[in-house]
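See structure below.
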Amino acid sequence: MIRQTVTALVKDKESYYKVRKFIIMLVGFIVFIFSLFILTGGSKWFIKNIMGLKGKVLNESITILTVFLIFPLAVTLRNFMQGVAIIFRRTPLVSVATVCRVIFVLFIALIVHKLKFIPAAIIAGGIFVGAISVEGLMMFLGVKLPVGDIPNKLDRIAKNKEELGYKEITNKTIIRFFLPLVLTSFIKSLAKPIINSGLARTHNPEIALSTYAVAWGLGIIIVSPVVMFHQVPLNLIKEDNDKQKKSVLKFAIYLGLTLSVIFGTVAFSPIGYYVLKYLIGTTDKISLMSIDVLKIMSVLPLIMVIRQYYWGILMKKHMTEYISKGKVINLIALILGITFGYFLQPSNSAIIGIIGMISSELFESIYLYVISRNIT
């Protein structure tokens with residue numbers, strides 16, 4: 261959630277330095293704790309006794325974790341510079357950096373057979389960390405070279421702080437903004453294990469898990485354009501400008517409807533089956549069952565873009581505590597949705613997972629809508 265913190269709180273030189281200092285201290289603390297966990301043998305104990313790994317797999321896992329010490333630094337650099345790029349309206353750079361990351365991975369994949377002198381565990385961890393590092397470096401250079409002195413450039417942009425909805429940024433402000441987003445991220449990470457847990461209790465868990473994974477993997481490609489939509493109201497709407505809010509909300513609805521129509525076209529036509537069967541290579545049974553999931557999932561883009569819109573509005577007002585509360589409601593709705601789906605006992609058990617996901621997104625969106633209406 262570093263990207264969101266930067267775009268929401270950085271307005272001028274002073275706020276830039278304060279947010280940067282907070283993030284440096286945060287990542288420093290994370291790396292310190294991570295180092296202690298690895299160097300004191302905590303990681304070995306956890307992997308051996310809790311995860312049950314032994315021998316060569318255990319040693320390789322520890323090696324990969326050691327390589328991952330660099331990961332928090334790389335991902336922090338990337339996310340911080342992405343936030344700065346968004347502030348300066350250089351969003352195409354995010355896509356360029358992502359392409360560079362993919363090119364790096366493809367390059368390593370092509371020459372990996374020549375790297376046999378390097379232990380496989382180091383290569384595995386290095387590819388992942390290296391890819392994020394390349395993306396972070398590209399973001400840094402892509403912003404720093406054309407912008408130059410970032411803090412002073414921010415001061416020039418923020419000529420009228422009152423018009424920009426400027427609020428004095430303190431360490432307390434940063435913490436109050438950031439911590440609810442951390443909780444939100446944590447709760448969000450629980451969704452997949454909860455869905456998998458529900459599907460694992462169905463009458464045919466292997467088929468249910470496989471079908472849901474395939475359908476979700478294809479469907480999320482269509483949904484992906486709305487995943488970062490909260491950055492639009494966060495960066496383009498001025499404080500309490502109802503006209504801009506209506507314009508952005510209207511665009512959000514059009515975007516959601518368009519993606520839902522595209523989704524429906526894929527799910528309800530032979531296109532979906534063709535992609536699953538012949539491009540992805542799933543079996544006939546998995547393909548047909550995945551289509552059922554995709555048909556229900558076709559409403560997801562519209563629901564998600566509305567939720568993303570209100571995320572942006574609340575981030576703009578520095579009211580992230582409501583975002584975390586919304587995610588708690590999301591989690592409760594997910595559990596209830598999966599429970600309801602389980603008792604329905606559908607012939608296609610994978611539908612249970614998407615019922616839970618739709619329920620969670622819908623109730624979170626309704627909550628955020630009500631909250632946003634009450635505070636504006």
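Mapping of the sequence shown onto the working numbering: residues 261 to 636, in sequence order.
Cβ coordinates follow ideal geometry from the N, Cα and C atoms, glycine included.
Model, not experiment: these values are computed from the prediction.
In chain order, what residues of the same chain have a beta carbon less than 7 Å from the beta carbon of residue 391, not counting five sequence neighbours either side?
361, 364 and 365
Within the stretch 516 to 571, note down every full alpha helix (DSSP H) run reaching 4 residues or more, in order along the chain.
530 to 534 and 544 to 557
Quick one: Cα of residue 430 to Cα of residue 557, how far?
42 Å
According to DSSP, is residue 508 part of a helix, a strand, or is it coil?
helix
Can you check whether the CB of residue 433 is closer than 8 Å to the CB of residue 553?
no
Kindly list the residues whose CB is nearer than 7 Å to the CB of residue 522, restricted to its own chain and excluding five residues on each side of it in sequence; keep chain order.
482
Could you spell out the range, first to last residue, of the alpha helix (DSSP H) harbouring residue 406?
380 to 407
Helix, strand or coil for residue 491? Go by DSSP, reduced to three states.
helix
For residue 339, count neighbouring C-beta atoms within 10 Å of its own C-beta (all shown protein chains included) and say buried if the count is 16 or more, exposed if not.
buried
Excluding the five sequence neighbours on either side, which residues of its own chain have a C-beta within less than 8 Å of the C-beta of residue 597, listed in chain order?
615, 616, 617, 618, 619 and 620
Reduced DSSP category for residue 447 - H, G, I as helix; E, B as strand; rest coil:
helix
Hey, could you find the ends of the alpha helix (DSSP H) residue 639 is sitting in?
Since the first residue shown for the chain is 261 and the last is 636, residue 639 is missing from the structure and cannot be characterised.
Determine the DSSP secondary structure at residue 471, reduced to helix, strand or coil.
helix
Comparing alpha-carbon positions, which option in 292, 323 and 293 lies nearest residue 307?
323
Looking at C-alpha atoms only, which residue of 381, 344 and 388 is the closest neighbour of residue 409?
344
Under the rule that 16 or more other beta-carbon atoms within 10 Å means buried, what is residue 460, buried or exposed?
exposed
Would the beta-carbon of residue 480 fall within 8 Å of that of residue 594?
no
Contact defined as beta carbons within less than 8 Å: I believe residue 497 pairs with residue 505. What is the distance between those atoms, to the nearest angstrom?
6 Å
Report yes or no: do the stretch 524 to 535 and the stretch 543 to 551 share at least 3 C-beta pairs separated by less than 8 Å?
yes
Cutoff 7 Å; reference residue 463; Cβ partners in own chain excluding five residues on either side
609
When you compare only the Cα positions, how much space is there between residue 351 and residue 276?
19 Å
Would you tell me roughly how many angstroms separate the C-alpha atoms of residue 370 and residue 437, rounded to the nearest one?
43 Å
Examine the Cβ distances between the stretch 578 to 588 and the stretch 278 to 296 and report whether three or more of them are shorter than 8 Å.
no
What does the alpha-carbon distance come out to for the pair residue 601 and residue 526?
24 Å
Assuming residue 403 and residue 341 form a contact by the criterion Cβ under 8 Å, report the distance between their Cβ atoms to the nearest whole angstrom.
5 Å
Three-state secondary structure assigned by DSSP to residue 373
helix
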